[in-house]
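Down below is the structure, laid out as structure tokens.
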């Protein structure tokens with residue numbers, strides 16, 4: 004033991020992201036002493052994402068959260084685009100009700116969002132300690148986790164329970180043996196440019212006003228690397244970026260920033276984003292594979308939440324993560340408080356965590372959509388279907404006089420063959436899609 | 011595809027990101043293992059372009075402008091070539107608040 008009198012608290016939460024802040028809030032409200040540890044100089048300083056958060060889970064933790072949350076714009080318009088090199092098919096949806104409380108999604112910067120959420124935990128009595136990296140776990144002779152080591156002098160921190168919310172690379176969950184083999188195929192890297200444009204220009208280009216915002220998700224447009232693209236409207240910046248499957252990215256020749264440049268130059272995207280000034284370039288790894296990659300969530304004296312537990316939902320039409328982080332953190336906090344009160348923080352005492360995950364959207368959504376991540380990132384969906392779909396639509400709307408119209412079924416069949424899609428595979432993927440999303 | 015306005019150089023692009031650099035390198039690379047590596051996924055995949063092949067077959071890397079994302083060690087298929095930890099608390103990348 005370093006130091007004669009190490010700090011000891013009821014709970015240490017490692018990582019002041021959305022999961023950690025939610026866990027610390029719950030524990031502090033129940034009267035437990037809790038340290039919220041953050042390696043960045045402020046919460047959120049290490050965190051980036053594409054840009055959309057779905058905060059309804061905060062109704063429970065912070066009612067009327069929309070009055071104070073640091074959002075950029077409320078998403079009132081969602082577009083899904085399918086791109087080939089020269090074509091773009093867009094399905095576009097608007098809802099005025101998403102621009103009113105309780106809202107649906109919002110764009111927000113993670114340094115703003117995470118900072119705000121952690122400040123709420125602090126206000127509830129959690130002790131936020133920044134600029135401090137947890138470097139490992141402390142265990143007792145039976146192997147139960149009893150704290151963490153940090154990179155501060157005399158930096159041992161003791162606690163009856165440790166909640167690892169230390170992000171996608173979670174060295175603590177790996178050290179605890181909660182992860183099996185780590186496979187790069189389960190991860191993507193998200194890379195983004197934040198591009199400044201005057202608010203009026205964004206309003207005009209995207210057809211919105213006031214605090215209304217647009218979320219564009221893109222299939223194709225990633226230069227042949229399995230993944231996806233996005234354009235989101237902030238107040239006076241755009242978030243433009245790509246998400247790239249790691250082994251596919253590593254096995255070809257184009258770098259991430261070149262793939263973003265290609266997307267920005269696409270005829271369907273360029274008119275939206277051109278002329279702006281890049282304010283920040285950023286990147287982060289995403290746990291993409293859902294249920295199949297999740298670690299064990301519970302150990303003796305330890306829980307894992309948020310990205311550390313691989314809770315991102317990357318299911319094509321649903322791309323969520325911060326909401327799963329906030330929810331899992333909240334449930335980890337509740338279960339830890341329960342265990343502390345019962346004076347049993349072994350894995351058995353902490354069983355309330357997985358029960359809550361199983362009973363709520365956190366694992367129910369992931370179980371329901373367990374096939375979706377691999378289907379969405381499959382070679383056919385990524386490389387063949389965009390051509391098949393875009394060419395079908397192009398011929399559907401092309402007036403080829405004097406040739407008579409061929410009929411939709413014939414076009415689809417011809418374009419399926421031209422794209423190299425076997426009917427058997429298409430039927431299989433359609434069934435898979437129905438089973439995943441239905 | 012047409013370019014409608016000039017792209018930033020990579021140096022200018024990553025120059026938009028703030029880094030508070032610590033003197034300790036939080037990534038280390040084993041040159042001998044990398045010299046024998048034929049795939050070198052890190053070179054193309056690292057979003058910060060920290061891994062640069064040299065003419066003599068080695069890999070030059072720096073740790074300073076690192077997003078701390080983990081891509082490099084995840085794509086590295088040579089056991090032990092890349093050792094990766096977080097930088098000292100309070101150092102490394104600082105994404106901006108508005």
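Chains as they are written, first to last, in this note's numbering: chain A, 4 to 441; chain B, 11 to 108.
Every residue, glycine too, gets a C-beta built ideally from N, C-alpha and C.
Figure out for me which residue from the options has the closest Cα to the Cα of residue i.
i: residue 125 of chain A; options: A/383, A/282, A/232 and A/37; result: A/37
i: residue 178 of chain A; options: A/190, A/20, A/42 and A/152; result: A/152
i: residue 446 of chain A; options: A/253, A/110 and A/43; result: Given that chain A is displayed from residue 4 to residue 441, the structure contains no residue 446 of chain A and the question cannot be resolved.
i: residue 29 of chain A; options: A/342, A/333 and A/379; result: A/333
i: residue 400 of chain A; options: A/414, A/118 and A/387; result: A/414
i: residue 434 of chain A; options: A/133, A/378, A/406 and A/154; result: A/378
i: residue 52 of chain A; options: A/301, A/359, A/234 and A/252; result: A/234
i: residue 250 of chain A; options: B/38, B/36 and B/55; result: B/55
i: residue 390 of chain A; options: A/78, A/424, A/405 and A/134; result: A/424
i: residue 65 of chain A; options: A/392, A/210 and A/127; result: A/127
i: residue 12 of chain A; options: A/40, A/266 and A/370; result: A/40
i: residue 246 of chain A; options: A/236, A/256, A/238 and A/226; result: A/226
i: residue 70 of chain A; options: A/155, A/58 and A/143; result: A/58
i: residue 121 of chain A; options: A/46, A/357, A/173 and A/83; result: A/46
i: residue 228 of chain A; options: A/214, A/83, A/192 and A/218; result: A/192
i: residue 77 of chain A; options: A/159, A/105, A/418 and A/304; result: A/105
i: residue 156 of chain A; options: A/10, A/119 and A/93; result: A/10
i: residue 347 of chain A; options: A/360, A/248, A/302 and A/238; result: A/302
i: residue 38 of chain B; options: B/69, B/22 and B/18; result: B/69
i: residue 133 of chain A; options: B/32, B/46, B/100 and B/51; result: B/100
i: residue 383 of chain A; options: A/286, A/241, A/222 and A/194; result: A/222
Does residue i get closer than 8 Å to chain B when you measure Cβ to Cβ?
i: residue 233 of chain A; result: no
i: residue 135 of chain A; result: yes
i: residue 299 of chain A; result: no
i: residue 416 of chain A; result: no
i: residue 156 of chain A; result: no
i: residue 177 of chain A; result: no
i: residue 21 of chain A; result: no
i: residue 260 of chain A; result: yes
i: residue 115 of chain A; result: yes
i: residue 187 of chain A; result: yes
i: residue 190 of chain A; result: yes
i: residue 172 of chain A; result: yes
i: residue 5 of chain A; result: With a pLDDT of 44 at residue 5 of chain A, under the threshold of 50, the modelled position of that residue is not reliable, and no figure is offered here.
i: residue 390 of chain A; result: no
i: residue 65 of chain A; result: no
i: residue 194 of chain A; result: yes
i: residue 42 of chain A; result: yes
i: residue 112 of chain A; result: yes
i: residue 161 of chain A; result: no
i: residue 49 of chain A; result: yes
i: residue 444 of chain A; result: Only positions 4 to 441 of chain A appear in this structure, which leaves residue 444 of chain A out of reach.
Quick one: does residue i have its CB under 8 Å from some CB of chain A?
i: residue 100 of chain B; result: yes
i: residue 42 of chain B; result: no
i: residue 45 of chain B; result: no
i: residue 93 of chain B; result: no
i: residue 108 of chain B; result: yes
i: residue 90 of chain B; result: no
i: residue 96 of chain B; result: yes
i: residue 11 of chain B; result: With a pLDDT of only 43 at residue 11 of chain B, under 50, the local geometry of the prediction cannot be trusted, and no value is derived from it.
Quiz item: Pairing CB atoms from the stretch 318 to 333 of chain A with CB atoms from the stretch 62 to 74 of chain B, are three or more of them under 8 Å?
Solution: no
Practice problem: Evaluate the contact criterion for the stretch 70 to 85 of chain B versus the stretch 107 to 117 of chain A: three or more CB pairs, one atom per stretch, below 8 Å. | Solution: no
Self-check item: 4 or more residues per run - each alpha helix (DSSP H) lying fully within the stretch 255 to 325 of chain A
Solution: 259 to 268 and 273 to 276
Practice problem: Residues of the stretch 60 to 77 of chain B with a CB closer than 9 Å to any CB of chain A: list them in chain order, please. | Solution: 77
Quiz prompt | At least 3 beta-carbon pairs within less than 8 Å: the stretch 308 to 318 of chain A vs the stretch 290 to 299 of chain A | solution = yes
Quiz item: In the stretch 85 to 107 of chain A, which residues sit with their C-beta less than 9 Å from some C-beta in chain B, listed in chain order?
Solution: 88 and 89
Practice problem: With a floor of 4 residues, list each alpha helix (DSSP H) that falls wholly inside the stretch 178 to 244 of chain A, ordered by position along the chain. | Solution: 202 to 209
Quiz prompt | Members of the stretch 15 to 40 of chain B near chain A, C-beta cut-off 9 Å | solution = 15, 17, 18, 20, 22, 23, 24, 25, 26, 27, 28 and 30
Exercise. Would you check if there are 3 or more beta carbon pairs closer than 8 Å linking the stretch 140 to 160 of chain A to the stretch 261 to 275 of chain A?
Key: no
Quiz item: What residues in the stretch 262 to 289 of chain A have a beta carbon less than 7 Å from any beta carbon of chain B?
Solution: 264, 265, 268, 269, 273, 277, 278, 281, 282, 283, 284, 285, 286, 287 and 288
Quiz prompt | Minimum length 3: unbroken beta strand (DSSP E) runs contained in the stretch 72 to 152 of chain A | solution = 76 to 86, 91 to 97, 130 to 132 and 137 to 142
Exercise. Could I get the ranges of all uninterrupted alpha helix (DSSP H) runs contained in the stretch 6 to 33 of chain A, with 4 residues as the minimum, in chain order?
Key: 21 to 32
Self-check item: Length-filtered (4 minimum) alpha helix (DSSP H) runs lying within the stretch 16 to 101 of chain B
Solution: 20 to 24, 41 to 45, 51 to 55 and 81 to 85
Practice problem: Residues of the stretch 51 to 62 of chain A with a CB closer than 9 Å to any CB of chain B: list them in chain order, please. | Solution: 51
Exercise. Select from the stretch 243 to 256 of chain A all residues with a C-beta closer than 9 Å to any C-beta belonging to chain B, and list them in chain order.
Key: 247, 249, 250, 252, 253, 254, 255 and 256
Practice problem: Could you tell me whether the stretch 163 to 180 of chain A touches the stretch 199 to 217 of chain A, using the rule of 3 or more Cβ pairs below 8 Å? | Solution: no
Exercise. Assess, as a yes-or-no matter, whether the stretch 259 to 266 of chain A is touched by the stretch 88 to 98 of chain B under the definition of 3 or more beta carbon pairs within less than 8 Å.
Key: no
Quiz item: Hey, which unbroken runs of the alpha helix (DSSP H) at 4 residues or more fall wholly within the stretch 380 to 409 of chain A?
Solution: 388 to 400
Quiz item: Between the stretch 79 to 87 of chain A and the stretch 343 to 358 of chain A, do at least 3 Cβ pairs fall closer than 8 Å?
Solution: no
Quiz item: Can you list the alpha helix (DSSP H) stretches of 4 or more residues lying completely in the stretch 341 to 371 of chain A, in chain order?
Solution: 355 to 362 and 364 to 371
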